[in-house]
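Per my numbering: the sequence shown = residues 11 to 351.
Every residue gets a Cβ at the ideal spot worked out from N, C-alpha and C, and that includes glycine.
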Amino acid sequence: MKTKKVTTISQFISEQQMQFPDATGDLSKLFLDIIIAAKIVNRDIRKAGLVDILGTHGSINVQGEEVKKLDVIANEEYIAALSLGGDCCAILSEENEDIIRIKNPGSNKSKYIIAIDPLDGSSNIDVNASIGTIFSIYKRFSDVHDEVTMDDCLQKGENQIAAGYIIYGSSTMLVYSTGNGVNGFTLDSSIGEFCLSHPNIKIPEKGSIYSINEGNYNEFPDGVKNYISYCKENDKSTKRPYSARYIGSLIADFHRNLLRGGIFIYPPTVKSPNGKLRLMYECNPLAFIAEQAGGIASTGNERILEIIPEKLHQRVPLFTGSKEMVEQAIEMYQSNSVQSI
Ligand code: AHG
Ligand code: MN
Ligand code: MN
Numbered sequence: 011m012k013t014k015k016v017t018t019i020s021q022f023i024s025e026q027q028m029q030f031p032d033a034t035g036d037l038s039k040l041f042l043d044i045i046i047a048a049k050i051v052n053r054d055i056r057k058a059g060l061v062d063i064l065g066t067h068g069s070i071n072v073q074g075e076e077v078k079k080l081d082v083i084a085n086e087e088y089i090a091a092l093s094l095g096g097d098c099c100a101i102l103s104e105e106n107e108d109i110i111r112i113k114n115p116g117s118n119k120s121k122y123i124i125a126i127d128p129l130d131g132s133s134n135i136d137v138n139a140s141i142g143t144i145f146s147i148y149k150r151f152s153d154v155h156d157e158v159t160m161d162d163c164l165q166k167g168e169n170q171i172a173a174g175y176i177i178y179g180s181s182t183m184l185v186y187s188t189g190n191g192v193n194g195f196t197l198d199s200s201i202g203e204f205c206l207s208h209p210n211i212k213i214p215e216k217g218s219i220y221s222i223n224e225g226n227y228n229e230f231p232d233g234v235k236n237y238i239s240y241c242k243e244n245d246k247s248t249k250r251p252y253s254a255r256y257i258g259s260l261i262a263d264f265h266r267n268l269l270r271g272g273i274f275i276y277p278p279t280v281k282s283p284n285g286k287l288r289l290m291y292e293c294n295p296l297a298f299i300a301e302q303a304g305g306i307a308s309t310g311n312e313r314i315l316e317i318i319p320e321k322l323h324q325r326v327p328l329f330t331g332s333k334e335m336v337e338q339a340i341e342m343y344q345s346n347s348v349q350s351i
C-alpha cells in the first residue's frame, strides 16, 4: 500500500516562506497564532451541544455563572490567541466597536493589523449548521513605535497581505490566500493538524447555484429581481433554472459556491440601502479569496477591493462568485440603475 504524502499547514507555510529569502517570518508567526485559535474555537464548537455554551448571551446558568454565547467565546479566544502571540499590533473585530491595540511588549514592533469576524453565521450555532471565522491581514502605514491610527486600519481591501476563513462544517477547513492563489486545508482531528486537501482552488467560471435571501424579495432593487427571474428561467445552454441554496452563513454559502461554482448576493434593500454585510470583516476578505480563485466581488457598482472604508463597521452590498454569473448579475442590476429602493 502506498502512503500518501501529507503536507501540514505549518510545513506549507514554511515552504512558502522559503521562497522569499527576505521574509522575516513575522507573517508566518501570525498565521500560527490564527491556527491555534482556530483549533481552540473548533474544539468548543464541536462540544457546543454537550456543554452549556449554546443560548443567549446575558443569561445565567444553574451554577449562577453567566452563559456566554459561542460568538462571544470565539471573539475572546481569537483576541486572546492573537494578543498573547504578540504578532500583530491591532485587532479589529466585528464584535468590538473600537480598535483593540495590542500592548504586549513583544508586539510593539509588529506591523500587522488583523480584522476578524470571529463567528460568522451565528444564527446557525444553535441548529448545528455550518458556521465560520473570517480574517484579513494588513500592514500598518505608521511607524511601528507609534500608536496604531484609524488611518492604519481603514485601508482598502487591495492592501490585504493575506485573507482567509475557517469553516466549521461537516469537517473543519481553513482556506487562505497570501495573494498567490488559494489553498484549503482540512483539520485531521486525529493528529490535530490542518492538512493540505484543496491545493490551488479555482472557482468555476460559471455554475448553477444562486444564493440570496429571497425572503427579502419585495425590498430588492428591480435589477436584482430581474436577475432572480433570469435564474429561474429554463435554458439548457446555461444550465438554467439554477438551484437556490442559502443557509444564512456567508462562509458556508461562499465556500460551496467557491468549490462548485455559483453566485452569492446580499443586495441593497429598502430597509438597508448598504446591504447587511460588513466591508472590513466579511466582504474584503472574501473578495480577496474570490479574486485569487478567479472570481469576482462587487457592490454591483464597484469592485469591493477598491473601496476606501470610512468606518470600521461599514456595510456594503455584495455580489460575489463565479465570474460569468456575477458579470451577468451586475449587468442586469446596472441596467436598472435608477434603483427602486
Ligand atoms: P454574523 O453571524 O457574523 O453576524 O453574520 C451573519 C451574516 C452572514 O453570515 C449571512 O450571510 C447573513 O448574515 C444572513 O443574513 P440574512 O439573515 O439577512 O439573510
Ligand atoms: Mn458574519
Ligand atoms: Mn459574526
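Please report how far the alpha carbon of residue i lies from the alpha carbon of residue j, in whole angstroms.
| i | j | result |
| --- | --- | --- |
| S218 | N294 | 24 Å |
| C98 | V234 | 40 Å |
| Q349 | K14 | Below a pLDDT of 50, predicted positions are generally treated as unreliable, and Q349, at 49, falls in that range; no measurement from the model is reported. |
| L260 | V185 | 14 Å |
| K281 | S120 | 41 Å |
| L287 | Y276 | 7 Å |
| T143 | L129 | 5 Å |
| R150 | N244 | 50 Å |
| D54 | I46 | 13 Å |
| I351 | D263 | With a pLDDT of only 47 at I351, under 50, the local geometry of the prediction cannot be trusted, and no value is derived from it. |
| H155 | G194 | 35 Å |
| K212 | I306 | 12 Å |
| R313 | V326 | 11 Å |
| F329 | G189 | 21 Å |
| P214 | A100 | 36 Å |
| L40 | S24 | 13 Å |
| L92 | I44 | 7 Å |
| Q338 | G285 | 20 Å |
| T248 | C241 | 10 Å |
| Q21 | L164 | 32 Å |
Can you check whether the CB of residue j is closer than 8 Å to the CB of residue i?
| i | j | result |
| --- | --- | --- |
| A125 | M335 | no |
| G167 | S187 | no |
| D162 | S152 | yes |
| V192 | A33 | no |
| I331 | I238 | With the sequence shown as reference, residue 331 is identified as Gly, and Ile is not the correct amino acid for it. Result no, Cβ atoms of G331 and I238 do not sit closer than 8 Å. |
| P301 | L315 | First, the residue type needs correcting, since residue 301 is Glu and not Pro in the sequence shown. Yes, the pair counts as a contact, with Cβ atoms nearer than the cut-off. |
| A139 | I257 | yes |
| I171 | L37 | yes |
| P278 | P231 | yes |
| E104 | D127 | yes |
From the DSSP output, read off the bridge partner residues of residue i.
| i | result |
| --- | --- |
| T330 | F274, A307 |
| H208 | G194 |
| T143 | I176 |
| T18 | C205 |
| I124 | I101, I147 |
| R250 | D245 |
| I219 | S253 |
| S187 | A173 |
| R325 | R288 |
| E111 | As written in the sequence, residue 111 is Arg, which differs from the Glu given in the question. Answer by DSSP bridge pairing, in chain order: A100. |
| D130 | G142 |
Any heavy atom of ligand 1 within a distance shorter than 7 Å of the CB on residue i?
| i | result |
| --- | --- |
| E104 | yes |
| D136 | no |
| N193 | no |
| L260 | yes |
| N85 | no |
| N223 | yes |
| K286 | yes |
| Y220 | no |
| Y240 | no |
State yes or no: is the C-beta of residue i nearer than 7 Å to some heavy atom of ligand 2?
| i | result |
| --- | --- |
| E292 | yes |
| D127 | yes |
| D130 | yes |
Any heavy atom of ligand 3 closer than 7 Å to the Cβ of residue i?
| i | result |
| --- | --- |
| D263 | no |
| D54 | no |
| D81 | yes |
At a Cβ threshold of 8 Å, is residue i touching chain B?
| i | result |
| --- | --- |
| F298 | The structure shown contains no chain B, having only a single protein chain. |
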